[in-house]
Amino acid sequence: MSKETLVTLLAREMDRVARNTENWQERMAALGEMQRAFEQLEKNPPVGTVAASLSTDVWKTLRPLKGMVQDLRSQIVKEVCALLTTISRVTRDAMAPFLREVLPTLVEVRGSGNKVCGTYCGECLEAVVTQTVIKGATLRLFVDILLDSKNKLIRLCCISCLRRALVSWSPVMDKSDVQQLEKGLQHALYDASSSCRAQAHELFFAFHTLFPKRALVVMSMVDYKIQKRLEALVSSDVAESTKGAGSASNASVDGDATPVQQVQALAGFNLDVGDRVCIPDKELFGFVRFLGEIIGVKGIWVGIELDEAYGKNDGSVKGRYYFRCKPKHGVFARPHQVFLTMSGSKLHEHQLQQQQQIQDGDSFAQKGSAELGDEPGGIEAPPTPEGLAPPFPSTPRTPPPAPAPASSLNLPAPTDTPEPSKLSFVLQRASVAHRRYLNRLLIHVRAELEEHERFENYGATASSADAVQYLQQLQNSAQDKIVLSDEFIQQIIQAQQAARES
1 MSKETLVTLL AREMDRVARN TENWQERMAA LGEMQRAFEQ LEKNPPVGTV
51 AASLSTDVWK TLRPLKGMVQ DLRSQIVKEV CALLTTISRV TRDAMAPFLR
101 EVLPTLVEVR GSGNKVCGTY CGECLEAVVT QTVIKGATLR LFVDILLDSK
151 NKLIRLCCIS CLRRALVSWS PVMDKSDVQQ LEKGLQHALY DASSSCRAQA
201 HELFFAFHTL FPKRALVVMS MVDYKIQKRL EALVSSDVAE STKGAGSASN
251 ASVDGDATPV QQVQALAGFN LDVGDRVCIP DKELFGFVRF LGEIIGVKGI
301 WVGIELDEAY GKNDGSVKGR YYFRCKPKHG VFARPHQVFL TMSGSKLHEH
351 QLQQQQQIQD GDSFAQKGSA ELGDEPGGIE APPTPEGLAP PFPSTPRTPP
401 PAPAPASSLN LPAPTDTPEP SKLSFVLQRA SVAHRRYLNR LLIHVRAELE
451 EHERFENYGA TASSADAVQY LQQLQNSAQD KIVLSDEFIQ QIIQAQQAAR
501 ES
């Protein structure tokens, strides 16, 4: 087929489409004729390359196809997408200028509410991106749409197209193209949709395979939470690659792997039962109670006991318990949805340290009580040595009763040590209560200072989930100090009342 014959045929069929706006069957027939013409061009190419036989007049003639992609009849959309796929396969890079005009419309229909037409456009996009070089302005188009769109389906489509373009055309991409991919990748990793983030992880994996040094730069620019997930993704692939091609014996070993080992492989060996974890999407915090498979559901799951009643179960699924917790405190999530905040071993060490601090504080309080004469059986005033003033000389003393004559009772004469007054008891109790209050307050302050120092070290790379958890800890600590202060205030009020009565 000559160039002139192709141009004449396309002009005739496009005119046929324009004249039959109400007759969808005629338009379908015209689209079919154009598709067969390009298929014939593929079988019997002209002298030279196919791209050389196509002029700008051909693409101007086909420009109305852009509007036909938005047709309400799904059969028309299907035929248009099939025609565009055929043109892309035959003309290859020559279609790039025309593709830049059609791409926004294809992406728009992909994100529309019409699932049938959206599916046709999605398949067409994947085909043309694979067959036609996507770089330069065309690549920037996908990145710009990804950054600006609020439609989840559109963003998902753009991320998928960027991944296909990266895999297909990385050998011919220049520095600016790679920078555009980095820009789109960084934005996609923070996407609000979990499906978009999952597709972004696949994009990062392909990017890391082709541009490992640039991938390290991308990892250094994202926050700590995302960086850990990307490291787990890369490390899990390295672990898989070290297993070799996979013989029958290897397959049997992998098949006998325990669910916990499978989860650790998927999560980069950073999850275990007892770990403190977070589900960033919903800002839920809790402890890992289960790792493995759930009967009747494919894949690996992480069972989490939440701190608060924001869950969906009590550790059971369809009547079968995988762990036990309070109602609405249990939830199951995929490993990639879970973020490790503190390992179980580190958490246990932290708890032991807190217990030791409490024991040290109690011994300190007991020592203070002993120094002040606070014994379990009651409070006794320390004896006053001769020649020294009593502990509270300025307070009025109740005179002791006159002792009976020693000769009449046949008892030794009493000493001159006076009995403690009622007010001295009150002040001693208040002093012990104050010391205990300061000691417990000091324990809270020490723990708070350690947490503050830890967050200062990692605050620059902390994620929103980390910040929420840290602020929640500050709130809990402040609440504990309020409760502690309330108890002490009540003791002081009682001491004031007792002092007035004395």
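Heads up: the sequence shown is residues 1 to 502, going by UniProt numbering.
Note that beta-carbon positions come from the ideal geometry of N, C-alpha and C, so glycine has one too.
All values reported here derive from a predicted model rather than from experimental measurement.
7 Å Cβ shell around residue i - same chain, five flanking residues per side excluded
{"i": "Q70", "result": "T105, V109"}
{"i": "S149", "result": "R155"}
{"i": "E202", "result": "R163"}
{"i": "E448", "result": "S477"}
{"i": "D191", "result": "R155, R197, A200"}
{"i": "V172", "result": "V133, K135"}
Beta-carbon proximity of residue i to residue j, cut-off 9 Å
{"i": "S55", "j": "V7", "result": "yes"}
{"i": "I145", "j": "V102", "result": "no"}
{"i": "V218", "j": "L185", "result": "yes"}
{"i": "G122", "j": "S176", "result": "no"}
{"i": "L181", "j": "L166", "result": "yes"}
{"i": "F339", "j": "I279", "result": "yes"}
{"i": "F332", "j": "G303", "result": "yes"}
{"i": "N20", "j": "A30", "result": "yes"}
{"i": "E39", "j": "V90", "result": "yes"}
{"i": "C124", "j": "L84", "result": "yes"}
{"i": "L441", "j": "K481", "result": "yes"}
{"i": "F98", "j": "L62", "result": "yes"}
{"i": "K328", "j": "A309", "result": "yes"}
{"i": "Q475", "j": "A430", "result": "no"}
{"i": "S88", "j": "A127", "result": "yes"}
{"i": "V80", "j": "M95", "result": "no"}
Environment of residue i [buried if 16+ CB atoms lie within 10 Å]
{"i": "S160", "result": "buried"}
{"i": "M221", "result": "exposed"}
{"i": "D486", "result": "exposed"}
{"i": "K78", "result": "buried"}
{"i": "residue 508", "result": "Residue 508 is absent from the model: the chain starts at 1 and stops at 502."}
{"i": "G311", "result": "buried"}
{"i": "S194", "result": "exposed"}
{"i": "G111", "result": "buried"}
{"i": "T86", "result": "buried"}
{"i": "A467", "result": "exposed"}
{"i": "S2", "result": "exposed"}
{"i": "L230", "result": "buried"}
{"i": "Q497", "result": "exposed"}
{"i": "Q35", "result": "buried"}
{"i": "L306", "result": "buried"}
{"i": "E13", "result": "buried"}
{"i": "L10", "result": "buried"}
Cβ-based neighbour list, residue i, same chain, cut-off 6 Å, excluding 5 preceding and 5 following
{"i": "S464", "result": "none"}
{"i": "residue 532", "result": "No statement about residue 532 is possible, as the shown extent of the chain runs from 1 to 502 and does not include it."}
{"i": "F455", "result": "Y470"}
{"i": "R324", "result": "G315"}
{"i": "K318", "result": "none"}
{"i": "R446", "result": "none"}
{"i": "residue 503", "result": "The structure shown does not extend to residue 503, since the chain is modelled only from 1 through 502, so no value can be given for it."}
{"i": "C158", "result": "F142, I145, L146"}
9 Å Cβ cutoff, residue i in contact with chain B
{"i": "L203", "result": "Here chain B cannot be found, since the structure has a single protein chain."}
The alpha helix (DSSP H) enclosing residue i, as first and last residue numbers
{"i": "S78", "result": "With the sequence shown as reference, residue 78 is identified as Lys, and Ser is not the correct amino acid for it. Counting along the chain, the alpha helix (DSSP H) containing K78 begins and ends at 74-91."}
{"i": "residue 504", "result": "One cannot answer for residue 504 here, as it falls past the ends of the chain, which runs 1 to 502."}
{"i": "V116", "result": "115-131"}
{"i": "R19", "result": "3-19"}
{"i": "L31", "result": "24-43"}
{"i": "S201", "result": "According to the sequence displayed, residue 201 carries His and not Ser. Where H201 is concerned, the enclosing alpha helix (DSSP H) stretches over 194-210."}
{"i": "M173", "result": "Here M173 belongs to no alpha helix (DSSP H), and DSSP marks it neither H nor E."}
{"i": "R110", "result": "96-110"}
{"i": "G67", "result": "65-68"}
{"i": "R324", "result": "Where R324 is concerned, there is no enclosing alpha helix (DSSP H), given that its DSSP letter is neither H nor E."}
{"i": "V58", "result": "56-61"}
{"i": "A309", "result": "Note, A309: premise wrong, no alpha helix (DSSP H); not H, not E."}
{"i": "D144", "result": "137-148"}
Beta-carbon proximity list for residue i, same chain, < 8 Å, skipping 5 on both sides
{"i": "R100", "result": "A137, T138, L141"}
{"i": "A198", "result": "H336"}
{"i": "A18", "result": "P64"}
{"i": "L271", "result": "V263, Q264, V277, V288, L291, V302, P335, V338, L340"}
{"i": "S241", "result": "With a pLDDT of 46 at S241, under the threshold of 50, the modelled position of that residue is not reliable, and the figure given next carries that caveat. Result list for S241: empty, nothing under 8 Å."}
{"i": "S74", "result": "N114, V116, C117, Y120"}
{"i": "A499", "result": "L423, V426, L427"}
{"i": "I489", "result": "none"}
First through last residue of the beta strand (DSSP E) which encompasses residue i
{"i": "L291", "result": "284-294"}
{"i": "F332", "result": "330-333"}
{"i": "R276", "result": "276-279"}
{"i": "M342", "result": "339-342"}
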